[in-house]
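Peer 1:
Chains as they are written, first to last, in my numbering: chain A, 1 to 330; chain B, 331 to 617; chain C, 618 to 943.
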């Protein structure tokens with residue numbers, strides 16, 4: 001499997017909000033590695049401040065990292081400018097969370113879907129109109145939706161438009177940042193089904209960013225769990241959800257309210273607040289909240305290391321950034 | 331005549347007019363009437379505005395001179411019509427210049443942020459803290475008085491206010507998904523500004539410009555009143571107020587009619603500004 | 618204890634029309650009980666909460682009965698309602714930042730909630746506020762008393778809001794999406810806190826949420842709303858184990874967690890009906906896979922064995938036993 005996307009050692013910091021000469025910095029990403037295979041879906045899950053959206057923006061070329069590399073199909077994206085960046089962007093398209101905010105309210109649906117065709121001058125204007133109609137059909141909308149404005153659509157329809165617009169330039173990778181978080185469950189199911197169908201039919205890969213573990217579990221081939229700018233665990237979906245190893249992953253899975261009254265939580269899986277990424281904890285970022293911490297956790301930064309023997313060669317290795325490696329759950 | 335034979339521009343204007351709230355439509359109508367009056371000033375004014383008539387010094391209103399005559403026997407109605415022309419020209423010119431300068435400055439400051447914002451916003455903030463009239467008087471002291479300088483002075487007062495509004499509006503739009511989306515879909519930053527940011531951020535600027543236009547009449551009047559704006563004998567509303575002050579007790583009409591004209595202009599722009607605010611600035615970005 | 622009886626809410630919209638946002642809801646919240654009111658956006662669940670709190674959009678029409686400890690809240694004057702709010706019923710909403718005044722110390726806001734309804738000294742109110750902050754799990758409450766809201770994280774702010782809501786031992790707490798804006802691990806803490814507090818104080822909670830997982834985790838009973846009506850209610854255990862209404866079933870089925878990538882998620886086709894002209898019959902009929910002729914008249918409300926209710930013709934002729942719906 002040649003990787004479509006290969007992220008190595010990505011570091012991003014921002015100036016913290018506020019002013020002053022010696023402003024602190026937000027440590028959004030602190031050395032992140034991630035691999036995504038062609039036609040696969042990699043789920044990226046984490047809570048506020050985990051840096052998952054920043055990672056998505058780096059892959060889209062919308063955020064310049066301080067350090068590290070983003071290889072897309074063998075091409076380094078970091079530092080690309082001008083036409084080279086434009087050429088790569090055709091192949092990496094975003095789908096955003098808020099389907100209303102991601103469509104220009106002044107534009108018709110057709111114009112939004114056409115935006116990348118216009119940018120790259122694909123075909124004649126009538127060709128583009130035809131293509132818009134094909135794309136709308138592909139995402140389950142009728143051609144006359146092209147003349148409507150976003151406010152005239154439901155949330156689910158807007159997200160279909162967002163997906164059609166992302167597909168227009170024929171991307172190999174779609175970076176979807178919380179694409180179904182703003183939608184009701186029944187609509188969410190429709191959009192997830194649509195994305196799965198598009199992946200089957202078009203072979204497009206997804207980097208799927210979400211805070212919702214059950215959604216990530218449903219859509220992903222591989223999953224990475226992020227906490228305060230670091231990936232703490234990466235594995236095959238089945239492997240990760242069946243045998244979570246990192247104490248944070250375990251707590252996160254435990255905290256998800258599952259719709260089964262017989263599987264009620266008897267204790268709070270994780271106490272304390274998520275620390276601020278402005279002043280992240282030393283050593284392992286998770287150590288202040290970790291039930292299993294040992295003395296060295298506050299000093300040493302754990303690296304992602306393979307665990308377990310479950311993986312054969314064609315599986316994604318199960319990687320965990322925790323020196324207190326736990327035995328897999330039965 | 332069918333709708334198809336009407337040029338697109340006309341239907342757009344008509345549609346924009348009826349899209350406004352009723353009170354704002356009244357403001358627009360008043361302004362349109364005033365502009366027509368100033369354009370047709372030579373036809374409407376019964377007399378030469380600068381013709382001195384020693385026999386009619388401070389003569390009261392009558393049928394031939396509905397607003398009476400001033401201290402030099404000049405017809406106040408004719409002078410008011412021409413003064414309207416000067417004053418409205420200064421108002422439109424100053425607000426247009428300020429808006430056109432504020433648009434790129436505010437948009438760039440809001441969209442790019444960081445050092446671009448600092449470089450643009452800090453000098454504008456300095457302009458903003460100076461008292462408006464002091465700023466105008468300083469400029470006029472350097473360049474010399476006159477209508478064009480008065481217009482530029484008003485533009486200079488308004489530039490930081492309008493740029494700040496445009497900056498705030500652009501800042502909000504800059505974080506919308508469709509702006510990032512535009513870049514990801516292959517457009518340059520400049521194209522995204524033109525296609526997404528400016529059209530969506532323009533509303534508050536228009537609202538603020540309309541409201542400020544009303545006050546511009548007053549600033550113009552103040553400057554002319556102080557002798558720093560339009561120079562005699564060219565009539566302007568402020569200049570007429572200044573002239574009328576001396577004879578206020580004997581011949582109030584010299585003061586009242588240009589004063590009323592100012593009030594009507596201020597009212598019209600405020601009606602328009604409030605209506606636009608209602609439609610274009612629901613978040614209340616313009617204070 | 619809260620008893621909602623055949624409550625209807627009509628809200629005026631443009632063009633002189635009315636939306637029937639709540640169309641005849643009957644529901645009870647007992648003391649120490651958490652009732653989950655679940656439904657998708659626009660189903661009227663928050664409007665129902667507003668009807669109980671006396672906080673409906675102006676011009677709304679409310680009919681039916683809202684009884685709190687046997688007293689009908691509908692006839693109250695604005696001032697009487699103000700006395701009831703914060704004293705007998707309290708609200709916790711989705712965004713804790715909007716519920717707290719950013720310029721006041723959090724402790725003072727809790728103390729104010731106490732002094733609004735009880736004639737006690739400042740010092741006594743302060744002491745009680747510190748105790749409340751301690752009870753909702755604010756570490757070192759005496760020291761944090763004077764901190765403004767922005768020094769608190771989202772989860773901690775929601776704890777403060779809960780403390781203020783519980784300040785006067787209300788009979789009923791209306792919690793409208795109280796954890797929706799929070800991270801999962803923080804949500805678990807807040808849900809645990811709510812559960813814990815109801816057991817300790819005997820306050821009844823109407824928990825309004827879109828998240829069936831949240832309902833399953835903390836609620837005793839569940840009421841499922843669709844297009845302004847409660848289509849099914851019962852104990853959480855019964856309803857999750859054997860949903861009788863097709864909508865409840867569809868809602869549970871569309872949860873991604875229930876399908877570990879075993880192909881497509883089941884979806885509910887079609888749109889929610891236009892509530893300016895609610896359909897005469899069952900409001901779910903147009904989207905229901907098991908619709909038949911009788912559904913165009915109103916659906917019956919059938920008692921189920923566990924004391925729950927379902928509004929569906931499928932169960933009309935059946936004995937009130939939890940039937941397996943194939």
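Note that beta-carbon positions come from the ideal geometry of N, C-alpha and C, so glycine has one too.
Using the Cβ count rule (16 or more neighbours within 10 Å means buried), how would you classify residue 206 of chain A?
Peer 2: When all chains shown are included, residue 206 of chain A counts as buried.
Peer 1: Nearest to residue 35 of chain A by CA position, among A/236, A/171 and A/125, is which residue?
Peer 2: With distances taken between Cα atoms, residue 35 of chain A lies closest to A/236.
Peer 1: Give the residues of chain A in contact with residue 830 of chain C, contact being defined as C-beta atoms less than 9 Å apart.
Peer 2: Near residue 830 of chain C (Cβ distances below 9 Å), the residues of chain A are 214, 256, 257, 258, 259 and 260.
Peer 1: Please tell me whether residue 792 of chain C and residue 661 of chain C are closer than 9 Å, where the distance is taken between their beta carbons.
Peer 2: Result no, Cβ atoms of residue 792 of chain C and residue 661 of chain C do not sit closer than 9 Å.
Peer 1: Evaluate residue 857 of chain C with the Cβ neighbour count: other Cβ atoms within 10 Å of its Cβ, from every protein chain shown; 16 or more gives buried, anything less gives exposed.
Peer 2: Buried is the call here.
Peer 1: Take every Cβ of the segment 816-823 of chain C, pair it with every Cβ of the segment 222-231 of chain A, and state whether three or more of those distances are shorter than 8 Å.
Peer 2: Because the criterion of three Cβ pairs below 8 Å is not met, the segment 816-823 of chain C and the segment 222-231 of chain A do not touch.
Peer 1: Any Cβ of chain B within less than 9 Å of the Cβ of residue 159 of chain A?
Peer 2: Output row for residue 159 of chain A: interface = no.
Peer 1: Mind listing the chain B neighbours of residue 62 of chain A? Cutoff is C-beta to C-beta under 9 Å, in chain order.
Peer 2: What residue 62 of chain A touches in chain B: 510, 513 and 514.
Peer 1: Quick one, are the C-beta atoms of residue 65 of chain A and residue 26 of chain A less than 9 Å apart?
Peer 2: Contact flag unset, no.
Peer 1: Which class does residue 842 of chain C belong to by DSSP, given the choice of helix, strand or coil?
Peer 2: Here residue 842 of chain C sits in strand by DSSP.
Peer 1: Taking only the alpha-carbon atoms, compute the straight-line gap between residue 940 of chain C and residue 855 of chain C and give it to the nearest angstrom.
Peer 2: Only weak support is given to the placement of residue 940 of chain C: the predicted model assigns it a pLDDT of 44, under 50, and the value that follows is read from those uncertain coordinates. Spanning the two alpha carbons is a distance of roughly 11 Å.
Peer 1: Cα-Cα, which of C/925, C/773 and C/895 is closest to residue 840 of chain C?
Peer 2: Residue C/925 is the option with its Cα nearest to residue 840 of chain C.
Peer 1: Among residues of its own chain, excluding the 5 on either side of residue 122 of chain A, which ones have a beta-carbon nearer than 7 Å to its beta-carbon?
Peer 2: Within the same chain, residue 122 of chain A has close Cβ partners 128.
Peer 1: Would residue 414 of chain B and residue 591 of chain B be called neighbours here (beta carbons separated by less than 9 Å)?
Peer 2: Yes.
Peer 1: Are there any heavy atoms of the ligand MN lying less than 8 Å away from the beta-carbon of residue 815 of chain C, as far as the coordinates show?
Peer 2: Among the components of this structure there are no ligands whatsoever, and the ligand MN is therefore not found.
Peer 1: Sort out for me which residues DSSP pairs residue 635 of chain C with in a bridge.
Peer 2: Paired residue(s): C/629.
Peer 1: Is there at least one Cβ from chain A nearer than 9 Å to residue 526 of chain B's Cβ?
Peer 2: Yes - at least one Cβ of chain A is within 9 Å of the one on residue 526 of chain B.
Peer 1: Where residue 557 of chain B and residue 569 of chain B are concerned, what is the direct C-alpha to C-alpha distance, given to the nearest angstrom?
Peer 2: Their Cα atoms are separated by approximately 7 Å.
Peer 1: Assuming the contact rule is C-beta atoms closer than 8 Å, residue 151 of chain A and residue 105 of chain A should be a hit. Round their C-beta distance to whole Å, please.
Peer 2: Residue 151 of chain A to residue 105 of chain A, Cβ: 6 Å. Contact.
Peer 1: Should the segment 756-774 of chain C be called in touch with the segment 663-675 of chain C, which here means at least 3 C-beta pairs below 8 Å?
Peer 2: Because the criterion of three Cβ pairs below 8 Å is not met, the segment 756-774 of chain C and the segment 663-675 of chain C do not touch.
Peer 1: Within 10 angstroms of the Cβ of residue 445 of chain B, are there 16 or more other Cβ atoms? Answer buried if so, exposed if not.
Peer 2: Residue 445 of chain B comes out exposed.
Peer 1: Do residue 155 of chain A and residue 196 of chain A have their C-beta atoms closer together than 9 Å?
Peer 2: No; because the gap between Cβ atoms is not below 9 Å, this pair is not in contact.
Peer 1: So, with DSSP's three-state summary, where would you put residue 825 of chain C?
Peer 2: If DSSP states are grouped into helix, strand and coil, residue 825 of chain C belongs with the strands.
Peer 1: Spell out a yes or no on whether the segment 370-379 of chain B and the segment 629-649 of chain C are touching, meaning 3 or more CB-CB pairs, one atom from each, closer than 8 Å.
Peer 2: With the cut-off at 8 Å, the segment 370-379 of chain B and the segment 629-649 of chain C do not touch.
Peer 1: Would you kindly report the start and end of the unbroken alpha helix (DSSP H) that includes residue 534 of chain B?
Peer 2: Segment 528-555, the alpha helix (DSSP H) holding residue 534 of chain B.
Peer 1: On the three-state DSSP scale, how would you describe residue 416 of chain B?
Peer 2: Correct three-state label for residue 416 of chain B: helix.
Peer 1: Within 10 Å of its beta-carbon, does residue 472 of chain B have 16 or more other beta-carbons around it, so buried, or fewer, so exposed?
Peer 2: It counts as exposed.
Peer 1: Residue 347 of chain B: buried (16+ other C-beta within 10 angstroms of its C-beta) or exposed?
Peer 2: Exposed.
Peer 1: Taking the Cβ atom as the reference point for each residue, do residue 709 of chain C and residue 779 of chain C lie within a distance shorter than 9 Å?
Peer 2: Yes, the pair counts as a contact, with Cβ atoms nearer than the cut-off.
Peer 1: Count the other CB atoms within 10 Å of the CB of residue 914 of chain C; is the residue buried (16 or more) or exposed (fewer)?
Peer 2: Looking at its Cβ environment, which holds fewer than 16 other Cβ atoms inside 10 Å, residue 914 of chain C is exposed.
Peer 1: Is it the case that the Cβ atoms of residue 47 of chain A and residue 801 of chain C are separated by a distance below 9 Å?
Peer 2: Closer than 9 Å, so yes.
Peer 1: Any idea if residue 76 of chain A is buried or exposed, counting beta-carbon neighbours within 10 angstroms, 16 or more meaning buried?
Peer 2: The residue is exposed, with fewer than 16 neighbouring Cβ atoms inside 10 Å.
Peer 1: What does residue 93 of chain A touch in chain B if you count any residue whose Cβ is under 8 Å from its own?
Peer 2: Under the 8 Å cutoff, chain B gives 514 and 515.
Peer 1: Give me the chain A residues within the contact set of residue 631 of chain B, using Cβ-Cβ distance strictly less than 7 Å, ordered along the chain.
Peer 2: What the structure shows of chain B is the stretch from 331 to 617, and residue 631 of chain B is not part of that stretch, so it cannot be assessed.
Peer 1: Tell me which same chain residues have a C-beta within less than 8 Å of the C-beta of residue 808 of chain C, skipping the five on either side of it?
Peer 2: Here the set comprises 796, 831, 834 and 835.
Peer 1: Who are residue 791 of chain C's beta bridge partners in DSSP?
Peer 2: C/708 and C/823.
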